[in-house]
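Notes for the one structure printed next.
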Amino acid sequence: MRRDKYNYYLDIAEAAIARGTCLRRNFGAIIVNRDQIISTGYSGAPRGRVNCCDYGQCIREKLNLRRGERYELCRSVHAEANCIISASRNDMIGSTLFLVGKEASTGEYVKNANSCTMCQKMIINAGIEKVIVRDDRDKYRVISVQDWIDKDESLSGISAYSSEQ
211 MRRDKYNYYL DIAEAAIARG TCLRRNFGAI IVNRDQIIST GYSGAPRGRV
261 NCCDYGQCIR EKLNLRRGER YELCRSVHAE ANCIISASRN DMIGSTLFLV
311 GKEASTGEYV KNANSCTMCQ KMIINAGIEK VIVRDDRDKY RVISVQDWID
361 KDESLSGISA YSSEQ
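Residue numbers 211 to 375, in this note's numbering, belong to the letters of the sequence shown in order.
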């Protein structure tokens with residue numbers, strides 16, 4: 211049976227996770243516009259810096275920080291940010307970002323995965339129209355970036371992960 215197009219692109223984003231270097235959660239992402247892959251990205255330290263998997267620890271894990279908090283301490287550049295950095299804005303306008311996350315310790319899909327607040331801001335400014343997030347092997351959510359603009363969480367101080375660990 212032929213794989214539906216969204217899951218096909220999510221499978222490619224999931225393959226990018228294999229390059230991830232985070233000891234906590236790894237994400238893979240691709241940006242697609244008009245059925246053309248524009249760029250790919252995964253979670254990892256900035257070029258030339260030591261990756262967490264080589265360093266041997268995750269500072270956010272060590273400090274027992276909750277999901278969605280204190281990302282400035284994270285050594286990794288997020289998968290979405292790496293995708294955006296590698297693409298031309300003209301190619302991203304009206305595009306779709308496909309995102310898959312897996313827990314480093316179990317290999318299970320990240321429950322209720324979402325782009326962090328900083329990545330959401332970059333996605334908005336890049337001109338990306340929607341984000342497709344994998345929930346399990348075959349199920350996914352479609353997020354309209356316009357919803358992030360209309361429901362500006364920065365006005366209330368509540369992040370996408372405020373009630374989670």
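Yeah, the Cβ is synthetic: ideal placement off N, Cα and C, and Gly gets one too.
For this session: Quick one: grab the DSSP three-state call for Leu387.
Result: Not covered by the structure: residue 387. The range shown for the chain is 211 to 375.
For this session: Could you please give me the residues that DSSP links to Leu309 through a beta bridge?
Result: Ala239 and Val343
Exercise. Would Tyr252 be called buried (16 or more neighbouring beta carbons within 10 Å of its own) or exposed?
Worked result: buried
Problem set entry | When Ser305, Ile227 and Val310 are compared against Ala336, the one with the closest alpha-carbon | Ser305
Exercise. How about Cys326 and Cys268: do their beta carbons lie closer than 8 Å?
Worked result: no
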